[in-house]
Amino acid sequence: MTLLSVENLSVTLNTMGGPARAVRDMTFTLERGETLGLVGESGCGKSMTALALMGLLPETARASGAVRLEGENLLEYSEAAMCRVRGNRIAMVFQEPMTSLNPLHTVGHQIGEALSLHRKLGRGEAQKEALRLLEVVGIPDAGKRLGNYPHQLSGGQRQRVMIAMALSCGPDLLIADEPTTALDVTIQKQILDLIRNLVNDLGMAMILISHDLGVIAQSVDRVHVMYGGGTVESGPTAAIFEHLSHPYTQGLFAAMPKLGQRAKRKDGAKRQRLNTIPGVVPELADLPAGCTFAERCGLVTDECRAAPPPLTSVAPPAGNASSGNASAGIAPARIVEDHFAACVHLDEARARLNSA
Amino acid sequence: MSLFLVKRFITFLATLFGATILTFLALEILPGDPALVILGVDAPDSAVEALRLEMGLDRPAIERYFDWISGLLQGRFGTSYTYSVSVLELLEARLGITIPLALMAMVLSVVMALSLGLYAASQHNKRGDVTVMGVSQLGISVPNFWLALLLILLFAVHLRWFSAGGFPGWENGVWPAFKALILPSIALATVQGAILARFTRSAILETMREDYVRTARAKGLTRRATLWKHVLRNALIPVVTIMGLQFANLLAGTIVVENVFALPGVGRLILQSISQRDVVVVRDLVVLLAAMVVIVNFFVDLLYAVIDPRLKAHDI
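If you're matching them up, the sequences are chains A and U in order.
Using the working numbering, you'd call the opening residue of the first sequence number 1 and step up by one each time.
Using the working numbering, you'd call the opening residue of the second sequence number 357 and step up by one each time.
(1) Span of the beta strand (DSSP E) holding L4 (chain A)?
(2) Can you give me the C-alpha to C-alpha distance between Y660 (chain U) and V596 (chain U), rounded to a whole angstrom?
(3) Give the residues of chain A in contact with R554 (chain U), contact being defined as C-beta atoms less than 9 Å apart.
(4) Can you give me, in chain order, the residues of the segment 574 to 601 of chain U that have a beta carbon less than 7 Å from any beta carbon in chain A?
(5) Are the segment 522 to 534 of chain U and the segment 462 to 471 of chain U touching, with three or more C-beta to C-beta distances below 8 Å?
(6) Identify the contact partners of E566 (chain U) in chain A, using a Cβ-Cβ distance below 8 Å as the criterion.
(7) For T610 (chain U), would you say it is in contact with chain A, using Cβ-to-Cβ distances shorter than 8 Å as the test?
(8) Please state if the CB of L619 (chain U) and the CB of V637 (chain U) are separated by a distance shorter than 8 Å.
(9) Quick check: the segment 16 to 30 of chain A against the segment 535 to 548 of chain U, are there 3 or more CB pairs under 8 Å?
(10) Taking the C-alpha atoms as reference points, what is the distance between H151 (chain A) and R145 (chain A)?
(11) Could you tell me which chain A residues have their CB closer than 7 Å to the CB of P665 (chain U), listed as they occur along the chain?
(12) My output table needs one value for N102 (chain A): the three-state DSSP class, helix, strand or coil.
(13) Return the residue from the list A:M82, A:A239, A:A294, A:L213 that minimises the CA-CA distance to A254 (chain A).
(14) Check whether the Cβ atoms of S10 (chain A) and A66 (chain A) sit closer than 8 Å, and answer yes or no.
(15) Return the CA-CA distance between H246 (chain A) and K258 (chain A), expressed in angstroms with no decimal places.
(16) Report yes or no: is there a C-beta of chain U within less than 8 Å of the C-beta of N88 (chain A)?
(17) Find the residues of chain A that neighbour R570 (chain U), judging by a C-beta separation of less than 8 Å, and give them in chain order.
(18) With distances taken from CA atoms, which of A:N73, A:T231, A:N275 is nearest T312 (chain A)?
(19) Per DSSP, R21 (chain A) forms a beta bridge with which residues?
(20) Could you check whether the segment 558 to 572 of chain U touches the segment 583 to 591 of chain U, counting it as contact only if at least three pairs of C-beta atoms, one from each stretch, sit closer than 8 Å?
(21) Is there a Cβ from chain U that is less than 8 Å from the Cβ of C83 (chain A)?
(22) Rounded to whole angstroms, how far is the Cβ of R158 (chain A) from the Cβ of G138 (chain A), which I believe are closer than 8 Å?
(23) For M82 (chain A), write down the residues that DSSP places opposite it in a beta bridge.
(24) Using the three-state DSSP reduction, which class does A182 (chain A) fall into: helix, strand or coil?
(25) At 4 residues or longer, and completely inside the segment 514 to 574 of chain U: list those alpha helix (DSSP H) runs for me, N to C.
(26) If you measure between the beta carbons of R86 (chain A) and G122 (chain A), is that distance less than 8 Å?
(27) Select from A:L244, A:I163, A:V281, A:F241 the residue whose C-alpha is nearest the C-alpha of L192 (chain A).
(28) In its own chain, which residues sit with a C-beta less than 7 Å from the C-beta of R408 (chain U), not counting the 5 before and 5 after it?
(29) Establish whether the CB of A114 (chain A) and some CB of chain C are separated by less than 8 Å.
(30) So who's on the other strand from G412 (chain U), going by DSSP bridges?
(31) Under DSSP, the alpha helix (DSSP H) around H118 (chain A) begins and ends at which residues?
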């Protein structure tokens, strides 16, 4: 049975400016051992999607649609039933390791808490298991760290503790919300490797949320690019990176700094400025009727503003498939059935990318 | 830890030193000649002059200040003009009323504050919250002497559960003495409890927005368990600070409340001594009260270290 199936998940926030649709019709499935990335700018709804899966939305928010964990709709669960799912079957790692641990409790206590809650372990057993988990996540001198308080640990170590905590009850699904964003670049890779290896070893499913395309590219099987609360492009990671289809995905990709640009300057060529996507993310309370990206898109037409574009299959264009692969070393485009994008001007977008 | 203690002790001494100077100056500036007050306005000038000489009032203020301080440092308290006994002797019986009264009021206000604050925070923006906040606003606004009178009217005059005032003394049994302090401590605790309840509520609400509270919920803890295990202890840190600061207000309140309930405590002694220009008693008592406030705040600082492990490692 499919582990997680999210169907038309929408989240509406009650704000001062009226109802804001923070998440719009998210639909995806996830099997055991599969990894999914949600990528997009701040405010695109990726964290809200995660909180909706956890049943931890703010009080002013309402979720609709369905979040089926092995067939059962979590949105219909009572609060008490949801408490038995959280930390047990779905666990979450948050962005800020500095503030996500309680400063007044020892590390051992905080890891042991979920164990005594869900697995009914006694204090001694819970501590023994916490010690094992600290070793699993690679904290040196774990025995000593067990009695430490969070302020005695570095940022990277705290994130390892958060991961140990999330893994403690052997969840089916791990949600990692920007797990490396607050960390030093050198630590980021260690933490990502750790998460990837653990997900592989334990056979969990994972949803990785990030605004960093680099992190996404090397960590997940499938990607949903989100904008304005909804999916604008989705598909296998390799397919998306090979065929950037939606204008927003293209913009996001162009905004990534690339190594080698400085070298060009030394050669005497003019320095290339980092690309940005013009404009700002639309107000969630005031989303346009049509494509949410319309106001920032170079290809916008009246058709875009009229109605939200449906997600359509991105069949690699047969005619220019071979010429489409500008980057060397990539095999001629595979036909990727499950690569979708929500844009009515896919052909123009693709053409524009290839000519650039 | 020892460095912390040394630092606190130095602050303690400096505060007391400041208190002695302020008290002494205030009493110097205060109009009214103690000798004249003792002898009455009709007394002959020669007699007044003789008494002034006897009391040492003819000597320069600086000299008298250092006499007083050196006496205090050697544990010698002054002798009251009006009672002609040592201040220490006056205090003995009176502290037996004021200290239990202040402690009872403190405990009562903390119990009130924590239960009301916790309840209001858990009912945030619902009817319970609004009610508690309304009542606490009322509690803050009502002056303690008036509340004391209302309590007397209801519980002593109408219901006859308590006596309207006076103190039977601890030697005549603990219960009657304790009972005599119940109404006064309620009158004292209400304002403090109401202020603290509001602080507790906002501290809890603020803590509930912390990331680690979300982490606790993500572990599967219920809202209630999160509140007790993760929020409350963190929220206590600011509450305890206010508690310490409010102790001074509580002591000031005893002066008023002891007078309303005719309790022969330290507060009443201060008021009497001031009206009788019994300078010796007033200044010793003020320094004593200042010392009590500083000591209580010292314990509050120790309490921080118990609540928050971060302080043990660094600041203490």
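Every residue, glycine too, gets a C-beta built ideally from N, C-alpha and C.
So, from the data block:
(1) 4 to 15
(2) 8 Å
(3) In chain order: nothing, as chain A lies at least about 22 Å away.
(4) A574, K575, G576, L577, T578, H586, R589, N590
(5) no
(6) T99
(7) no
(8) no
(9) no
(10) 11 Å
(11) L104, Y149
(12) coil
(13) A:L213
(14) no
(15) 20 Å
(16) yes
(17) L56, F94, S100
(18) A:T231
(19) A:T12
(20) yes
(21) yes
(22) Not a contact, Cβ separation roughly 13 Å.
(23) None, per the DSSP bridge assignment.
(24) coil
(25) 530 to 564, 567 to 574
(26) no
(27) A:I163
(28) A391, D414
(29) Although the question refers to chain C, the structure presented lacks it and instead comprises the protein chains A and U.
(30) Answer is none; G412 (chain U) lacks a bridge partner.
(31) 107 to 118
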